[in-house]
Structures are given as structure tokens and as C-alpha cells.
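Residue numbers (this note's numbering), protein chains in the order written: chain A, 225 to 451; chain B, 31 to 514.
This is the structure we're talking about:
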């Protein structure tokens with residue numbers, strides 16, 4: 225009785241408008257006002273132009289397995305109902321407007337890691353070499369905890385809040401082409417240790433520890449309840 | 031008729047049934063002990079019988095493995111016909127058992143029934159109380175949901191703080207440094223075989239003592255117990271006012287037991303079973319972890335204590351309480367029995383009940399429970415994120431994602447159950463941080479294998495940056511006060 229699931233559409237989160245929904249659910253990672261958090265900024269015109277609204281909706285609902293991005297949709301055991309997710313998508317959309325010639329959100333071709341490696345040495349090393357100002361993105365633990373899509377997004381949009389330029393300024397002197405972005409992303413993905421494979425689902429152990437289901441792991445059940 | 035009678039007589043001759051009856055149920059008790067105050071002992075026994083019966087039924091379905099315990103309870107709750115009711119009766123039986131047992135103890139205390147010559151009856155009763163609490167605790171763990179997991183991990187970290195032998199004690203409790211498959215098998219064995227066996231043995235002893243030393247007569251003020259004269263006096267009481275327990279004195283016990291049974295069955299039907307409340311996973315902090323009510327007062331006391339008193343209390347309090355309880359019939363062996371002439375005894379009961387009551391209330395409404403929405407709500411101060419490596423930033427995001435923030439503040443916001451982490455790197459080295467996360471400690475749950483190595487690495491690499499500029503990072507040798 226105490227353990228009945230929430231009747232659908234009734235959310236333990238009371239808020240319905242974007243401002244407070246964002247504050248309560250996203251600010252911890254994506255930063256107050258959508259910038260300066262540990263996770264990528266969302267209040268970024270380039271990012272908003274780049275990521276299609278339906279994809280934003282999917283990510284909010286399902287989270288991203290293996291990364292810290294949790295699932296918020298009730299179908300995934302999260303707290304937010306459809307209306308609240310829609311309000312979030314709409315609010316994020318209002319933070320930007322279309323930009324001409326922006327690279328597509330998903331890669332259209334397969335990347336060439338070798339060309340990616342060369343591009344990386346040319347354009348990224350100055351900030352991302354070991355010991356350089358920002359620090360490596362080629363490190364095994366980091367790559368284990370980031371998704372391929374997340375890597376692509378970082379190359380396209382940069383991190384304006386922390387000083388990484390976007391794709392227009394990353395190729396010394398000119399913009400990165402669609403293919404170059406894909407190559408760079410595939411290069412970084414190719415460095416990811418095979419065993420890790422972006423999932424945290426594997427670490428249930430033979431000793432019989434409770435298995436951590438990755439969907440479950442990223443899904444957060446909010447408590448409206450108090451027993 | 032004659033044959034039947036013959037068979038009956040033959041059976042009686044071989045089994046000594048009549049003799050057994052006169053020696054037990056039919057034994058003579060003081061007529062005035064057939065009082066409403068004397069019904070709690072048999073009530074407790076009834077609860078125990080209910081627990082044994084429902085427990086045996088539950089054991090048919092329950093699977094003591096971390097992977098299946100939860101599912102088997104869900105199965106009982108939802109798929110098995112009346113399975114939920116069985117669980118409900120078992121949990122309510124245990125609540126009532128602890129409650130009625132406490133009343134029994136208070137009554138015995140107030141009526142001076144522990145005095146000469148019934149010292150051992152009291153002592154065996156004290157052990158019965160301990161074992162019953164042991165059953166309550168192990169049973170709560172078998173539920174193996176989030177609450178149970180947290181209760182146990184907090185219990186284990188408290189145990190871990192006992193000086194010198196802490197680590198070994200934790201190992202004994204959990205069958206390893208963290209909660210894993212072996213832990214549950216261990217608790218299952220405790221709950222189903224070991225402790226019940228001991229309880230049954232103790233109950234036999236307890237009842238045997240009630241028979242040999244007799245039931246306490248209803249005390250009258252001024253009627254002092256003297257070692258030299260009491261035995262003769264009790265014999266006299268039995269001779270003049272003795273009635274057989276069955277059928278004369280048992281009436282009120284039966285009525286009370288009947289009411290008790292109805293109360294348990296009704297509570298079970300109305301309030302249902304407890305939990306299971308979500309798969310046990312310390313990375314989902316959506317339960318505010320609280321132990322079942324019998325342990326709330328201990329939980330509250332421990333949470334309220336200043337850190338320096340903790341070791342003292344952890345070590346000292348159980349010893350003191352136990353020695354007081356066990357010693358009571360020996361240092362207060364004779365004299366007045368009636369509560370009317372023992373104001374101190376009455377005062378002790380009132381104060382104890384009040385203290386436990388207040389602590390339980392505080393445990394129930396504790397402000398020190400985690401701040402449930404901090405992880406997604408409270409931002410990390412921007413200064414902590416500038417000039418960090420991408421891995422450190424991921425670590426910061428995982429610190430949020432794994433809900434560490436629900437207990438740990440940064441920049442003054444977040445839960446306050448654990449220490450603020452703003453300068454944690456001045457206190458702990460990376461290794462110590464890893465250990466704190468994997469093994470828990472203090473009131474922090476052990477994350478064990480719940481975090482992948484990469485996640486731990488990321489979180490620790492971020493926490494390593496958490497120190498004000500002018501303060502040096504912790505060195506292994508310079509922080510003696512951490513992690514005893």
C-alpha cells in the first residue's frame with residue numbers, strides 16, 4: 225500500500241513552470257541560469273541551435289546511460305511528467321535561436337580516427353595535452369564516463385562558460401567541417417577502454433552484490449513520500 | 031468406552047500426561063496473581079508463537095540472496111495469495127512482541143517480582159529482551175530494501191568506530207567489509223536458526239523458573255521480602271490461597287491473548303506489510319534512512335551525540351545498561367515489593383519511558399536526515415569548477431548524480447548529515463577518500479561496488495581539488511585524527 229507507484233502524471237515535483245523546474249532539477253549540474261555547472265551549459269545559443277528539441281526531450285526523459293545525466297521521465301522511474309518535460313524543453317529552446325550552417329546533431333558519416341588524431345594534435349593539444357591549461361580529454365576514466373554524443377556536442381559547442389571555443393574557432397584559422405568534427409569524435413571514442421564501454425551496468429559482481437541496473441542507476445526516484 | 035478409557039490410561043501411564051499437567055499448567059498459583067497486571071507474559075509468548083508460525087511460512091518463499099530477496103518479497107506482496115497479509119502479520123507481531131514484552135518488564139519491575147528468589151527469572155528475561163531485539167534487527171535487514179540497507183550500513187559504520195576491534199566486528203556482522211551476498215546469508219541464519227533457537231531455550235528456562243519458584247504474589251505495601259522467611263511464607267500463601275493456574279487463574283490471560291491476537295490481525299489488515307521500499311542501492315537516496323521504531327531512540331541518541339562522546343557511549347552505554355539490568359535483582363534483592371512504597375522505582379520507569387519516548391520522537395522527526403533534492407538543485411560554487419580538468423568536472427557531476435550532496439554541503443548548501451566537503455582535500459588523501467566512499471564510515475553508507483572504478487576516480491579527482499588555495503593538501507602522516 226505504501227509502495228504503490230505514483231499514479232501517472234502526478235509528479236512529486238510540484239513546479240510546472242520552466243524557471244523553478246530548471247532550478248530544482250537541473251541547476252545542480254548544468255549550473256544556475258544554465259551556465260557554470262560541472263555539466264555542459266544549456267543556456268548557450270549555439271547549443272540550443274545545435275540540439276533538436278525532440279532530442280532534448282528524449283535526453284531529459286531517458287537520461288544518458290553511463291554518464292551522470294539522469295533520467296527524469298516517469299516511464300524511467302524519474303519524477304517529471306510529460307507536461308513538466310515539455311515545459312523544460314520549451315524553456316531551453318527559448319535560450320537560443322537558429323544559427324546558419326551549424327553542424328548536425330548526429331554524425332552523418334562514420335569518422336576516421338586517424339584523421340581525428342591528426343586534427344586533435346593540431347587543434348586541441350594546446351589546451352588538452354597532459355599538463356596543459358585545461359587537462360586531458362583522452363584520459364581513460366573521463367572517456368568511460370562520457371557518451372559519444374556528449375563528445376560530439378562538446379566539439380561543436382565548446383564550453384563557452386569555461387573558455388572552450390565552439391566549432392567555428394577550433395580549427396586554427398577556420399571552422400571545423402562536419403567531417404572533421406566526426407573524425408575528432410571518433411578519435412576520442414577510439415581511445416575509450418574497451419571494457420568500460422560507457423556503461424556502468426557491468427559492475428555487479430560475482431560475489432552477489434546487488435546488481436546496479438544502469439537505467440535504474442541513472443533514474444532518480446524523487447521522494448514526495450515520507451514513510 | 032472401556033477400550034477408549036484403557037487406551038487413555040495406557041497413554042497417560044507411558045507419557046505421564048496427568049503428572050505433566052499438574053506440574054505445569056495445573057500448578058498452583060496465588061489466587062491474587064490472576065490479575066490484569068499479570069497478563070503480559072503470556073501475551074509475549076503468544077506473539078512469539080505467532081512469529082514462529084508466520085516466520086516458518088515466510089521462509090518457504092523468501093530467498094536469502096541479494097539478488098532475489100527483494101523480488102521474493104515483492105512476489106509475496108503482489109503475486110502470492112494473502113502473501114502480503116502473512117508479511118503484515120509477521121511485522122505487526124514483532125511490533126507487538128516488543129511492546130508487550132516491554133510492558134511485561136515494566137510490570138515485573140514495578141511489582142518487585144525480580145527479588146528473592148526469582149533473580150534468574152529476571153536475568154533470563156533480560157536475555158530474552160536482548161534476543162528479541164536481535165530478532166527485530168536481523169528481521170529488518172532481511173527485508174533488504176533501501177531502508178534495511180541504510181539501517182545496516184549505518185549500523186555497520188557505527189560498529190566500525192569502536193576502537194581497536196571495530197573492523198573485526200564489522201567483518202563479523204557483515205561477513206566482509208561491505209554489505210554483499212554473504213551478509214544476507216549471515217543475517218538469515220541468525221534470524222531463522224540461531225537466535226530463535228536461543229530464544230526457545232531461554233523461554234523454556236524462563237517458564238521452568240516460573241514453575242519452580244512460583245509466580246509472584248500480588249504485592250502488598252509493607253509486606254517485606256526477607257530471604258530467611260520468604261520461602262515458607264510463599265508456601266503458606268499457596269496452601270491457603272492457591273488455585274490451579276488452569277483452569278482458575280488463566281481466564282484473564284486468555285481474554286488478553288484473544289484481544290492481542292485480534293489487535294495484531296487487525297493492524298496487519300489495516301496497515302499492511304512494511305516495505306520493501308525500493309531496491310537497496312545507496313546511490314538512490316530517496317529514502318530517509320531510519321531504523322524500525324524500536325531502534326529509533328538509539329539512532330537519535332547517536333546522531334545527537336557530540337563526536338567525542340561517541341566512543342564512550344558506544345562502548346560504555348551498552349555495558350552500563352546491561353550490568354544495571356542484570357545486576358538489579360542482586361543489589362535489590364529484598365525489601366518492599368509494592369510500587370506504592372517504592373517511589374524511586376516508579377520514577378525510574380517514568381524517566382526511562384520519557385527519555386526513550388522523546389528520543390524516538392526525535393528520531394522520527396530528525397532534522398539531520400539527508401536533504402533529498404540537493405543533488406539536482408544545489409549548484410556547485412563556480413570557483414570550484416574553474417581550471418579543472420574534464421575528468422574533475424565529470425567527478426563533480428557524479429558527486430551530484432550519486433547524491434553525495436544530499437548529505438554533504440558545498441559552499442554552504444546541501445545536506446548536513448555529513449561534513450561539508452569544501453576543504454575535504456586538506457583532511458583526506460586520495461586513498462582515504464576512496465576508502466571512505468567504498469567502505470563508508472561514520473554515518474555514511476558504504477558504496478562498495480555500487481560505483482564503478484572510473485566513477486570513484488572521477489569523484490575523488492574532483493574532491494582532491496577541494497581545498498582553499500592557501501591550505502595544503504592532506505598528507506598521510508599529518509592527519510592522525512581521521513579514520514581511526
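C-beta: ideal position from N, C-alpha, C; glycine also. Remember, it's a predicted structure, so these values are computed and weren't measured experimentally.
Between residue 367 of chain B and residue 261 of chain B a beta carbon distance of about 15 Å is seen, past the 8 Å cut, so the two are scored as non-contacting. Note on geometry: alpha-carbon atoms of residue 127 of chain B and residue 73 of chain B lie some 8 Å from one another. At the C-beta level, residue 119 of chain B and residue 294 of chain B come within 8 Å of one another. Of all residues in the region 418-431 of chain B, only 419, 420, 421, 423, 424, 426, 427, 428, 430 and 431 come within less than 7 Å of chain A when Cβ atoms are compared, listed by chain position. For residue 465 of chain B, no chain A residue has a C-beta closer than 7 Å to its own C-beta; the minimum C-beta separation is roughly 18 Å.
Annotation for residue 251 of chain B: no alpha helix (DSSP H) segment contains it, and DSSP assigns it neither H nor E. At least one CB atom of chain A sits nearer than 8 Å to the CB of residue 412 of chain B. Using a CB distance cut-off of 8 Å, residue 487 of chain B counts as an interface residue toward chain A. B/426 is the residue among B/426, B/49, B/391 and B/499 whose C-alpha sits nearest the C-alpha of residue 486 of chain B.
Under the three-state reduction of DSSP, residue 348 of chain B is assigned to helix.
Taken in chain order, the complete alpha helix (DSSP H) segments of 4 residues or longer contained in the region 101-159 of chain B are 113-140.
Counting C-beta atoms within 10 angstroms of its own C-beta, residue 349 of chain A has fewer than 16 neighbours from the protein chains shown and is therefore classed as exposed. The region 265-284 of chain A makes contact with the region 375-388 of chain A: 3 or more CB pairs, one atom from each, lie closer than 8 Å. Secondary structure note for residue 58 of chain B: its beta strand (DSSP E) is the uninterrupted segment 58-60.
The beta carbon of residue 368 of chain A falls within 8 Å of a beta carbon belonging to chain B, placing the residue at that interface. Fewer than three pairs of CB atoms, one per stretch, sit closer than 8 Å, so the region 270-281 of chain B makes no contact with the region 82-100 of chain B.
Take residue 220 of chain B, set aside five residues on each side of it, and the residues of its chain with a beta-carbon closer than 6 Å to its own are 168, in chain order. Judged by pairs of C-beta atoms under 8 Å, the region 240-258 of chain B touches the region 353-372 of chain B, as three or more such pairs exist.
Annotation: residue 44 of chain B to residue 33 of chain B spans about 16 Å, alpha carbon to alpha carbon. At a cut-off of 8 Å between C-beta atoms, residue 256 of chain A counts as an interface residue with respect to chain B.
Exposure of residue 238 of chain A is indicated by the presence of fewer than 16 other C-beta atoms within 10 angstroms of its C-beta. When the Cα atoms are used, residue 288 of chain B and residue 181 of chain B turn out to be separated by approximately 34 Å. Secondary structure at residue 236 of chain B: helix, using DSSP grouped into helix, strand and coil.
Partner residues in a beta bridge of residue 264 of chain A, as assigned by DSSP, do not exist.
Between the alpha carbons of residue 134 of chain B and residue 140 of chain B lies a distance of about 10 Å. Closer than 8 Å to the CB of residue 305 of chain A there is not a single CB belonging to chain B. Per DSSP, residue 272 of chain B is not a residue of any alpha helix (DSSP H); the beta strand (DSSP E) it occupies stretches across 272-274.
The beta-carbon of residue 382 of chain A is placed no less than 8 Å from the nearest beta-carbon of chain B. What residue 248 of chain A touches in chain B, judged by beta-carbon distance under 7 Å, is 403, 406 and 407, going in chain order. Residues of the region 353-378 of chain A with a C-beta atom less than 8 Å from some C-beta of chain B are 357, 358, 359, 360, 361, 363, 364, 365, 366, 368, 369 and 370, listed in chain order.
The alpha-carbon separation between residue 320 of chain A and residue 365 of chain A amounts to approximately 32 Å. For residue 415 of chain B, the nearest CB of chain A lies under 8 Å from its own CB, placing it at the interface with that chain. Residue 243 of chain B carries a helical assignment under DSSP once its states are collapsed to helix, strand and coil. Shown here, residue 181 of chain B sits in a helix according to DSSP, grouped into three states. A residue is called buried once 16 or more other Cβ atoms fall within 10 Å of its Cβ, and residue 137 of chain B is buried on that count.
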